[in-house]
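Okay, so here's the structure we're looking at.
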Amino acid sequence: MNQTESKKEALRALEKEFQEAKGTLSSLGKAKEDAFNQMRSFSTTLKSLNQKLDSLKGERDELSKKVQSAKVQRSALNKMVKDSSKVLKSTRDSNPSSYNSGFRGGRYQKKEKSPSQIRKEIDSLELKLETEAMAFSKEKEIKKTIKNLKSELSSKTELEETMALAKDASKEFHSVRKAAEDSHKKVQEFADLSQEKHQAMQEVLTQIKEQRKLRDPKGKEYAAKKEEWTKQKAVVDDLADQVRALKDELGMQSQKEMKNQVKEKAKVAEEKFKSGGKLTTEDILAMQGMK
Numbered sequence: 026m027n028q029t030e031s032k033k034e035a036l037r038a039l040e041k042e043f044q045e046a047k048g049t050l051s052s053l054g055k056a057k058e059d060a061f062n063q064m065r066s067f068s069t070t071l072k073s074l075n076q077k078l079d080s081l082k083g084e085r086d087e088l089s090k091k092v093q094s095a096k097v098q099r100s101a102l103n104k105m106v107k108d109s110s111k112v113l114k115s116t117r118d119s120n121p122s123s124y125n126s127g128f129r130g131g132r133y134q135k136k137e138k139s140p141s142q143i144r145k146e147i148d149s150l151e152l153k154l155e156t157e158a159m160a161f162s163k164e165k166e167i168k169k170t171i172k173n174l175k176s177e178l179s180s181k182t183e184l185e186e187t188m189a190l191a192k193d194a195s196k197e198f199h200s201v202r203k204a205a206e207d208s209h210k211k212v213q214e215f216a217d218l219s220q221e222k223h224q225a226m227q228e229v230l231t232q233i234k235e236q237r238k239l240r241d242p243k244g245k246e247y248a249a250k251k252e253e254w255t256k257q258k259a260v261v262d263d264l265a266d267q268v269r270a271l272k273d274e275l276g277m278q279s280q281k282e283m284k285n286q287v288k289e290k291a292k293v294a295e296e297k298f299k300s301g302g303k304l305t306t307e308d309i310l311a312m313q314g315m316k
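Take any residue in the sequence shown, note its place counting from 1, add 25, and you have its number in our numbering.
Listed below in structure tokens is the structure:
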């Protein structure tokens, strides 16, 4: 076997090895792509979960702010309740007998005279003193009655004022207490919603951890497949260079390379023709080969 035949035999063996290497590279490429797609699928799920986590965190933080704000309002209302309670107690303590008298809910019992009735009675007695002639003892008795009535009027006027203050204080107390109760309910409502968001966050965090456990091995697998594919690619490129070099030694060219050479020669011949140069037989054949 001469040297040329030996090189041709080596070329056939090299081309076979090259094709086998390309097949291996193709298989590795598919495995690499599969690993990447699986890793990307987990990464997409993780991205969605992280976005959901951020959204829940934002909602929880907003609710936490509302809880704090509602607590401040509740504290202020509780202080108002305490102050209002003191005012109410003070008005009651200032005249405890008024709550045991005949005055109830702004009205007097039947046996009790109202301030207007007392005033009317005083006016009537004073008119009687001025217009009627009477014995000194009778006049003295009427004046004593008028004095007692004025004392009673003063007492009941003070009672009415006290009860009016107590009524206002009671109304204010109940109004503020209701507002404080509503504020407390609001604190609880916001706190419960915040806790729900926090619990939802914990559930999402658990899902994220589970997805990471599934993704990380796929990420390592992808990295290993990529490294293996890169090494095999280097082997294929090296074999391609060896095949090309051996073909060059044997004067063998690929159909594509031959077409490129003919195209280049035709271009040179055409330029020579346009410039008025003399064409050779090779130039003419090159131009014909392009048609």
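Ideal Cβ placement from N, Cα and C applies to all residues, glycine included. It should be emphasised that the depicted structure is a prediction, and the values quoted were computed from it without experimental measurement.
Inset, instruction - Might you give, ordered along the chain, the residues of its own chain that have their beta carbon closer than 8 Å to the beta carbon of residue 230, omitting 5 neighbours on each side? - result: Counting from one through the sequence shown, the residue named residue 230 turns up at place 205. Excluding sequence neighbours, residue 230 sits near 78.
Legend entry - For residue 71 and residue 248, the rounded distance between their alpha carbons: Taking the first residue of the sequence shown as 1, we reach residue 248 at position 223. Taking the first residue of the sequence shown as 1, we reach residue 71 at position 46. Spanning the two alpha carbons is a distance of roughly 19 Å.
Inset, instruction - Would you kindly report the start and end of the unbroken alpha helix (DSSP H) that includes residue 150? - result: Numbered from 1 along the sequence shown, position 125 holds the residue referred to as residue 150. Looking at the DSSP string, the run of the alpha helix (DSSP H) that includes residue 150 is 140-156.
Legend entry - Three-state secondary structure (DSSP) of residue 170: By one-based count along the sequence shown, residue 170 stands at place 145. DSSP places residue 170 in helix when its eight states are reduced to three.
Inset, instruction - Classify residue 137 as helix, strand or coil using the three-state DSSP reduction. - result: On the sequence shown, residue 137 is found 112 positions in, with the first residue counted as 1. Residue 137 falls in the coil class under three-state DSSP.
Inset, instruction - Assign residue 161 to buried or exposed, taking buried as 16 or more other Cβ atoms, counted over all protein chains shown, within 10 Å of its Cβ. - result: Along the sequence shown, read from residue 1 onward, the residue named residue 161 stands at position 136. Classification for residue 161: exposed.
Inset, instruction - Could you give the DSSP three-state label for residue 27: helix, strand or coil? - result: The count along the sequence shown starts at 1 and reaches residue 27 at position 2. Residue 27 falls in the coil class under three-state DSSP.
Legend entry - For residue 240 and residue 207, the rounded distance between their alpha carbons: Here residue 207 refers to the residue found at position 182 of the sequence shown. Here residue 240 refers to the residue found at position 215 of the sequence shown. Taking the straight line joining both Cα atoms gives about 49 Å.
Legend entry - With 16 other Cβ atoms within 10 Å as the buried cut-off, status of residue 236: As a working note, residue 236 is residue 211 in the sequence shown. Answer is buried; the Cβ neighbour count reaches 16.
Inset, instruction - Keeping to the same chain, check which residues put their C-beta closer than 8 Å to that of residue 106; ignore five residues upstream and five downstream. - result: Within the sequence shown, the letter at position 81 stands for residue 106. For residue 106, where only same-chain residues beyond five positions count, the Cβ hits under 8 Å are 198, 201, 202 and 205.
Legend entry - Euclidean distance between Cα positions of residue 305 and residue 288: Counting from 1 along the sequence shown, the entry for residue 305 is found at position 280. Counting from 1 along the sequence shown, the entry for residue 288 is found at position 263. Their Cα atoms are separated by approximately 16 Å.
Inset, instruction - Indicate the three-state DSSP secondary structure (helix, strand or coil) for residue 303 in the structure shown. - result: Within the sequence shown, residue 303 is the residue found at index 278, counting from 1. Residue state, collapsed to three classes: coil.
Inset, instruction - Give the straight-line distance between the Cα atoms of residue 220 and residue 88, rounded to the nearest whole angstrom. - result: Locating residue 220 in the sequence shown gives position 195, where the first residue counts as 1. Locating residue 88 in the sequence shown gives position 63, where the first residue counts as 1. Going by the C-alpha atoms only, they are around 9 Å apart.
Inset, instruction - Excluding the 5 residues preceding and the 5 following residue 274 in the sequence, name in chain order all residues of the same chain whose CB lies nearer than 7 Å to its CB. - result: Taking the sequence shown and counting its residues from 1, the one referred to as residue 274 is at position 249. Counting only Cβ-Cβ distances below 7 Å, and skipping sequence neighbours, we find 32.
Legend entry - Test: residue 233 CB closer than 7 Å to a CB of chain D: Considering every chain present, this structure includes no chain D. It has just one protein chain.
Inset, instruction - Whole angstroms is fine: what's the gap from residue 245's alpha carbon to residue 64's? - result: Along the sequence shown, one-based indexing puts residue 245 at 220. Along the sequence shown, one-based indexing puts residue 64 at 39. Each residue's alpha carbon lies about 9 Å from the other.
Inset, instruction - Under 8 Å by Cβ, that's how I've got residue 268 and residue 40 pegged, so tell me the actual separation to the nearest angstrom. - result: Residue numbering aside, residue 268 sits at position 243 when the sequence shown is read from its first letter. Residue numbering aside, residue 40 sits at position 15 when the sequence shown is read from its first letter. Between residue 40 and residue 268 the Cβ distance is about 6 Å, and since that is below 8 Å, they are a contact.
Inset, instruction - Determine the direct distance from the alpha carbon of residue 101 to that of residue 352, and round the result to whole angstroms. - result: Only positions 26 to 316 of the chain appear in this structure, which leaves residue 352 out of reach.
Legend entry - Cβ shell of residue 95 (< 7 Å), same chain only, five flanking positions each side left out: In the sequence shown, counting from the first residue as 1, residue 95 sits at position 70. Cβ neighbours of residue 95 beyond the five flanking positions: 208, 211, 212 and 215.
Inset, instruction - Enumerate in chain order the residues of its own chain whose CB-to-CB distance from residue 151 is below 7 Å, with the five nearest sequence positions on each side excluded. - result: Walking along the sequence shown from the start, residue 151 turns up at place 126. Within the same chain, residue 151 has close Cβ partners 171.
Inset, instruction - Let me know if residue 14 comes out buried or exposed under the rule of 16 or more other beta-carbons within 10 Å of its beta-carbon. - result: Since the first residue of the chain shown is 26 and the last is 316, residue 14 is not available in this structure.
Legend entry - Selected residue, minimal CA-CA separation from residue 61, among 259, 260 and 250: The count along the sequence shown starts at 1 and reaches residue 61 at position 36. Residue 61 has its Cα closest to that of 250, out of 259, 260 and 250.
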